[in-house]
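Q: Numbering (UniProt numbering), first residue to last: 1 to 488.
#1: Do you know how far the Cα of residue 405 is from the Cα of residue 370?
#2: Based on the DSSP output, what are the partners of residue 72 in its beta bridges?
#3: Hey, how far is the Cα of residue 63 from the Cα of residue 137?
#4: Can you give the Cα-Cα distance for residue 462 and residue 289, rounded to whole angstroms?
#5: Does the contact criterion of 3 or more C-beta pairs under 8 Å hold for the stretch 374 to 387 versus the stretch 123 to 141?
#6: Distance, Cα to Cα, residue 262 vs residue 102?
#7: What does DSSP give as the partner residue(s) for residue 168 in the beta ladder?
#8: Near residue 31, which residues of its chain fall below 7 Å by C-beta distance, leaving aside the five closest residues on each side in sequence?
#9: Going by DSSP, what residues sit across from residue 369 in a beta bridge?
#10: Using only alpha-carbon positions, find the residue among 247, 11, 40, 394 that is nearest to residue 487.
#11: Within a Cβ cutoff of 6 Å, which residues of the same chain sit near residue 14, ignoring the five residues on either side of it in sequence?
#12: Which one of 162, 442, 156 has the shortest CA to CA distance from residue 168?
#13: Report the CB separation of residue 523 from residue 91 in whole angstroms; it is logged as a contact under 8 Å.
#14: What alpha helix (DSSP H) runs, 4 residues minimum, are completely inside the stretch 327 to 391?
#15: Can you give me the start and stop residues for the beta strand (DSSP E) that residue 159 sits inside?
#16: For residue 15, which three-state DSSP category applies?
#17: Give every residue of the same chain whose Cβ lies closer than 8 Å to the Cβ of residue 325, excluding the five residues on either side of it in the sequence, and list them in chain order.
#18: Any idea what DSSP makes of residue 122, helix, strand or coil?
#19: Roughly how far, in whole angstroms, is the beta-carbon of residue 87 from the beta-carbon of residue 121, given that I think they are within contact range, below 8 Å?
#20: Determine the burial state of residue 315: buried for a count of at least 16 other Cβ atoms within 10 Å of its Cβ, exposed for fewer.
#21: If I measure Cβ to Cβ from residue 458 and keep anything under 6 Å in the same chain, skipping five residues before and after, which residues do I get?
#22: Can you give me the start and stop residues for the alpha helix (DSSP H) that residue 307 sits inside?
#23: So residue 42 and residue 16 are supposed to be a Cβ contact under 8 Å. How far apart are they, rounded?
#24: Using the Cα positions of residue 420 and residue 441, report the straight-line distance between them to the nearest angstrom.
#25: Measure the C-alpha to C-alpha separation of residue 338 and residue 313 and round it to an integer number of angstroms.
#26: Would you tell me roughly how many angstroms separate the C-alpha atoms of residue 245 and residue 375, rounded to the nearest one?
#27: Taking DSSP's pairing of strands, which residues face residue 457 in a bridge?
#28: Which residues bound the beta strand (DSSP E) around residue 88?
#29: Spatial neighbours of residue 12 within its chain, please: C-beta separation below 6 Å, excluding the five flanking residues on both sides.
#30: Strictly by DSSP, which residues pair up with residue 251?
#31: Use the C-beta contact count for residue 477: other C-beta atoms within 10 angstroms, 16 or more gives buried, fewer gives exposed.
#32: With a 10 Å radius around its C-beta and 16 neighbouring C-beta atoms as the bar for buried, classify residue 384 as buried or exposed.
#33: Would residue 336 pass as a contact of residue 321 if the rule is Cβ separation under 8 Å?
#34: Under the rule that 16 or more other beta-carbon atoms within 10 Å means buried, what is residue 236, buried or exposed?
#35: At the level of alpha carbons, what is the spacing between residue 483 and residue 233?
#36: Taking just the CA atoms, how far does residue 118 sit from residue 241?
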């Protein structure tokens, strides 16, 4: 199988039949396609023809509820007159209902186990979501995304090849929003070189990269032409086509960065103020690079004991006394009389207060939260999991103490590291914050990211105005003591 045929709701059955007669063995659509009503009228060899559909949540969010997934799949099979789907996807990997994508995915796994579906997949998925799902559940058999020379999805492709996931490209010619692609001068020149149409060049580029393209057409000549790919594109030309990438997405879904964020031209950061240096190595680290990492177990016995007692108390209480904090379902706060007593001990701790005094150089107040962070419903970073700077119009000291081991997947604090060759700003009138953004955008802006992992009781002191991510969970749970120290 090198190429598939993409159907739309208004695709006539004669076009689907023409595709099958031409040699297409991979027919793609979605549950809401009226075209599926025509499958009963088609002539095909079921053993050699794959039909692929998708669970739709955009128009009916409740379709993503585990209790509804099976019904939607079986209803679509009944309409199509089939006993199983060869591939069944979640159409847009986003939590349209108040339910985790992982729960919806588990129902697809059951459908596969019960024989209603041969293979399961995700469509319109981001790399972060795909990684999170692979870390927490069965790896999908297929992924279907918008891919074309203006949106090459190199990272998704590499991940799929590594994990033996078949990658399918919808909108392989750039979608209706990218009409200029087909007229690109490079494709025109390659078309002359290989004596093939620009469409055939693009399809062959997909195939040689290891991707299954699924073009749509109602024209029988085009349906035939799209299969006439008995030629090879030279490797250097494959790279030239891939180099056309503009990250220009035609179909923007709620989980895509283009929908969630606005791109920013620059990310200004701290300016090192050498006058703030003192005899305290923790404070000097914060001044020079914005943060200091240690393990409180090796640093201050009194603070370590309070953290240890809190950790033991959480184990005893297990799931009791946890409440959602700041309206974030993925972030909960623990509070009871026992932990309030431990918090008071931390607030009075001489070690913390000395650091706060030397850094803030004023009287201060300490606020303490005991938190539990888990995976978000749509498997994406939200709020504290995104990169941001705090907006306080004063110096603020923050402290994160991990109450369990933290690796790269279960919510490590991440900071944008300093570059001493480029002095960056810190104290600026208004203390304007940057909008919350993603790690990828910062990397694309040449920012260097430091990921702070560590054993239980690893402690990070950092400035609130340092660009940072408070932790994006992709597997497991992070328990932590979060401390804010502000000037009075």
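Glycine included, every Cβ here is placed at the ideal spot set by N, Cα and C.
A: Let me lay it out:
#1: 16 Å
#2: According to DSSP, which records beta bridges pairwise, residue 72 is partnered with nothing at all.
#3: 20 Å
#4: 9 Å
#5: Segments in contact, yes.
#6: 28 Å
#7: Its beta-bridge partners are 144, 212.
#8: Counting only Cβ-Cβ distances below 7 Å, and skipping sequence neighbours, we find 53, 54, 55, 56, 72, 76.
#9: 482
#10: 394
#11: Cβ neighbours of residue 14 beyond the five flanking positions: none.
#12: 156
#13: One cannot answer for residue 523 here, as it falls past the ends of the chain, which runs 1 to 488.
#14: 337 to 347, 350 to 360
#15: Premise fails: residue 159 lies in the alpha helix (DSSP H), 154 to 162, not in any beta strand (DSSP E).
#16: helix
#17: 331, 332, 333, 369, 371
#18: Secondary structure at residue 122: strand, using DSSP grouped into helix, strand and coil.
#19: 6 Å
#20: exposed
#21: Shown here for residue 458: same chain residues with a beta carbon closer than 6 Å to its own, the five before and five after excluded, namely 295, 402 in chain order.
#22: 301 to 317
#23: Taking the Cβ atoms as the reference, residue 42 lies roughly 6 Å from residue 16, within the contact range of under 8 Å.
#24: For residue 420, the pLDDT reaches just 40, beneath the cut-off of 50, and the residue's location in the model is therefore unreliable, although a value from the coordinates is still provided. Cα to Cα, residue 420 sits roughly 21 Å from residue 441.
#25: Rounded to the nearest angstrom, the gap between the Cα atoms of residue 338 and residue 313 is 8 Å.
#26: 31 Å
#27: According to DSSP, which records beta bridges pairwise, residue 457 is partnered with nothing at all.
#28: 85 to 90
#29: none
#30: DSSP, once it has assigned bridges, lists no residue as partnering residue 251.
#31: exposed
#32: buried
#33: In this structure, the beta-carbon distance from residue 336 to residue 321 falls below 8 Å.
#34: exposed
#35: 58 Å
#36: 34 Å
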